[in-house]
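First comes the structure, then the notes that go with it.
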Amino acid sequence: MTTRSETQTTLDHLLTEIEHRNPAQPEFHQAAHEVLETLAPVVAARPEYAEPGLIERLVEPERQVIFRVPWQDDQGRVRVNRGFRVEFNSALGPYKGGLRFHPSVNLGVIKFLGFEQIFKNALTGLGIGGGKGGSDFDPHGRSDAEVMRFCQSFMTELYRHIGEHTDVPAGDIGVGGREIGYLFGQYRRITNRWEAGVLTGKGQGWGGSLIRPEATGYGNVLFAAAMLRERGEDLEGQTAVVSGSGNVAIYTIEKLTALGANAITCSDSSGYVVDEKGIDLDLLKQIKEVERGRVDAYAERRGASARFVPGGRVWEVPADLALPSATQNELDEADAEALIRNGVKAVSEGANMPTTPEAVHLLQKAGVAFGPGKAANAGGVAVSALEMAQNHARTSWTATRVEEELTHIMNDIHTTCHETAERYGAPGDYVTGANIAGFERVADAMLAQGVI
Numbered sequence: 002m003t004t005r006s007e008t009q010t011t012l013d014h015l016l017t018e019i020e021h022r023n024p025a026q027p028e029f030h031q032a033a034h035e036v037l038e039t040l041a042p043v044v045a046a047r048p049e050y051a052e053p054g055l056i057e058r059l060v061e062p063e064r065q066v067i068f069r070v071p072w073q074d075d076q077g078r079v080r081v082n083r084g085f086r087v088e089f090n091s092a093l094g095p096y097k098g099g100l101r102f103h104p105s106v107n108l109g110v111i112k113f114l115g116f117e118q119i120f121k122n123a124l125t126g127l128g129i130g131g132g133k134g135g136s137d138f139d140p141h142g143r144s145d146a147e148v149m150r151f152c153q154s155f156m157t158e159l160y161r162h163i164g165e166h167t168d169v170p171a172g173d174i175g176v177g178g179r180e181i182g183y184l185f186g187q188y189r190r191i192t193n194r195w196e197a198g199v200l201t202g203k204g205q206g207w208g209g210s211l212i213r214p215e216a217t218g219y220g221n222v223l224f225a226a227a228m229l230r231e232r233g234e235d236l237e238g239q240t241a242v243v244s245g246s247g248n249v250a251i252y253t254i255e256k257l258t259a260l261g262a263n264a265i266t267c268s269d270s271s272g273y274v275v276d277e278k279g280i281d282l283d284l285l286k287q288i289k290e291v292e293r294g295r296v297d298a299y300a301e302r303r304g305a306s307a308r309f310v311p312g313g314r315v316w317e318v319p320a321d322l323a324l325p326s327a328t329q330n331e332l333d334e335a336d337a338e339a340l341i342r343n344g345v346k347a348v349s350e351g352a353n354m355p356t357t358p359e360a361v362h363l364l365q366k367a368g369v370a371f372g373p374g375k376a377a378n379a380g381g382v383a384v385s386a387l388e389m390a391q392n393h394a395r396t397s398w399t400a401t402r403v404e405e406e407l408t409h410i411m412n413d414i415h416t417t418c419h420e421t422a423e424r425y426g427a428p429g430d431y432v433t434g435a436n437i438a439g440f441e442r443v444a445d446a447m448l449a450q451g452v453i
């Protein structure tokens, strides 16, 4: 049997090869390192996983599509953006993962997100593969007509690569209900098919699922609550800092409040707001979802309990819990040190890989419960899969049923991660538990299906 150290050496060589074959993709390198550096125990214990080519296939996308997206702005000027869809692994089911519209999008970002999605989707136990897509288009500040024309052009290329049994995109940063509506309309127009299961995150009146907008934020809070229960605590009376002010952050704050915690921050690229009375959700939703404004407007309207800190970072605010819910690598080593100094008990990732590797190491070393995104923010894709199930049956479930299913799935994910970490000698290490548990499910399916 191969020893753990020999296995780790082999994995280290593979990581070097990944960096060589995928130059200038630091986000993808980071995601690959984060997973592969935890796999030595399981690969050493189960020789079939050391079969030549298994992990090499896992880290290579099955398909990568890059395409031009031309569109006209309101002044009649032709603009050109770049579109992406990386279909990473379909061993467990059709590719599933969101579309991100943001200027930071490039192939490396999409590959990192797609690689993470493989394991996240596997942890749900719902039979969906991993993929991701998007564009460097920025919807912020664009009119509805401009967003519609962009989405129609984007789908004119993407439609040939997706389908309810092939690849099912959803929303992500910059892609909400408005964008999903335009994308679905163009797909329906081109294909002449009412194929509701081809996209998730749809409107509730035309194939969408109740609780889908809330699912990522709700699921993250449920995972954080499960980590606290493992330590003999609950959310009641805990103070929480939340980053971001988009969909994930808003519904993270909503669920924290419902479970008795006090969420006191939100943020965007301009800075953050701290509200000692707790974030007023109605006001935040009005500013961000209706007016599409900035968080400084929240502080202006809220009154004396709230203040805006331009350019600041929410992690400097003392709290019991931290829930990064904005974007990748937003919580770094210095932020982790500040959280630890202020006595944080748990960090749970609502965004995709928002915590740098150095920060994760510091938090774990300090004994902080750390919920990695592939486990903690799996609620969104879980309810997307439930939306697919409803579409397939041409029915809709009550909000109560969907939320019960979501709660069950998130508790199962927590139990799976916790027990897997213990089984491989890393008790309390949810990163190791999530990586190994997701890997086992995907690797077993890949082995069963042959070299493809």
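Mind the numbering: the sequence shown is residues 2 to 453 in our numbering, read in order.
Positions of the beta carbon are idealized from the N, C-alpha and C atoms, including for glycine.
Within the stretch 214 to 259, the runs of beta strand (DSSP E) that reach at least 3 residues and sit entirely inside it are, in chain order, 240 to 243.
When C-alpha distances from Val243 are compared across Ala377, Ile254 and Ile129, the shortest belongs to Ile254.
In this structure the stretch 391 to 400 does not touch the stretch 329 to 344; the number of beta carbon pairs closer than 8 Å is below three.
Look at Ser349 here: in three-state DSSP terms it is strand. Per the Cβ contact rule, the stretch 227 to 236 is not in contact with the stretch 276 to 288 (fewer than 3 Cβ pairs under 8 Å). No Cβ-Cβ contact shorter than 8 Å links Val199 with Val176. Val275: member of the beta strand (DSSP E) spanning Gly272 to Asp276, first to last residue. Under the criterion of beta carbons closer than 8 Å, Gly109 and Val249 do not qualify as touching, at roughly 22 Å. Taken in chain order, the whole alpha helix (DSSP H) runs of length 4 or more contained in the stretch 339 to 395 are 358 to 366, 374 to 377 and 380 to 394.
Boundaries of the alpha helix (DSSP H) harbouring Asn412: Ala400 to Arg424, taken from the DSSP string.
Sixteen is the threshold: since fewer than 16 other Cβ atoms of the shown chains lie within 10 Å of the Cβ of Gly426, the residue is exposed. Here Val148 has Pro140, Arg179, Glu180 and Tyr183 as same chain residues with Cβ atoms under 7 Å from its own Cβ, once five neighbours each way along the sequence are excluded. Taking 8 Å as the cut-off, the beta carbon of Phe151 is found closer than this to the beta carbon of Trp72.
In this structure, DSSP gives Ser136 an extended state, which the three-state scheme calls strand. Less than 8 Å divides the Cβ of Arg308 from the Cβ of Val275.
Residue state for Asn23 is assigned as coil, using DSSP reduced to three classes.
In this structure, Lys346 is the residue among Met389, Lys346 and Asn353 with its C-alpha nearest to the C-alpha of Gly368. Leaving aside the five residues that flank Lys278 on each side, the residues in its chain whose CB is nearer than 7 Å to its CB run, in chain order, Ser306. Fully enclosed beta strand (DSSP E) runs of no fewer than 3 residues occupy 96 to 102 of the stretch 91 to 132, in order along the chain.
The alpha-carbon separation between Leu15 and Ala435 amounts to approximately 21 Å.
Nearest C-alpha to Ser105 among Gly77, Ala379, Pro27 and Thr201: Pro27. By the CB criterion at 8 Å, Ala376 and Leu124 fall inside the cutoff. Annotation for Gln287: no beta strand (DSSP E) segment contains it, and DSSP assigns it neither H nor E. Residues of the same chain with a CB within less than 7 Å of the CB of Asp173, apart from the 5 flanking positions on each side, are Gly99, Leu100, Arg101 and Gly135 in chain order. In the DSSP assignment, the residues bridged to Ala171 are Gly99.
Membership of Gln153 in the alpha helix (DSSP H) is indicated by the continuous run Asp145 to Leu159.
Selection Glu196, Met156 and Thr157 evaluated against Ala390 yields Glu196 as nearest (Cα-Cα). Exclusion of the five residues before and after Ile129 leaves Gly94, Lys97, Asn122 and Ala386 as the residues of its chain whose Cβ lies within less than 6 Å of its Cβ. Between His30 and Glu331, the alpha-carbon positions lie close to 17 Å from each other. Of the residues assessed, Ile119 falls on the buried side of the cut-off, its CB having 16 or more other CB atoms within 10 angstroms. Scanning Gly204, Asn412 and Thr416 for the CA closest to the CA of Gly429 turns up Thr416. Rounded to the nearest whole angstrom, the C-alpha separation of Gly372 and Cys267 is 20 Å. Distance check between Arg190 and each of Glu215, Leu211 and Thr157 places Thr157 closest, using alpha-carbon atoms only. Annotated three-state conformation of Asp269 is strand, per DSSP. Excluding the 5 residues flanking it on each side, Leu407 has same chain C-beta neighbours closer than 7 Å at Ile212, Ala216, Tyr219, Gly220, Gly380, Ala383 and Val384, in chain order. In terms of CA proximity to Arg342, Val318 leads the group Ala241, His409, Pro355 and Val318.
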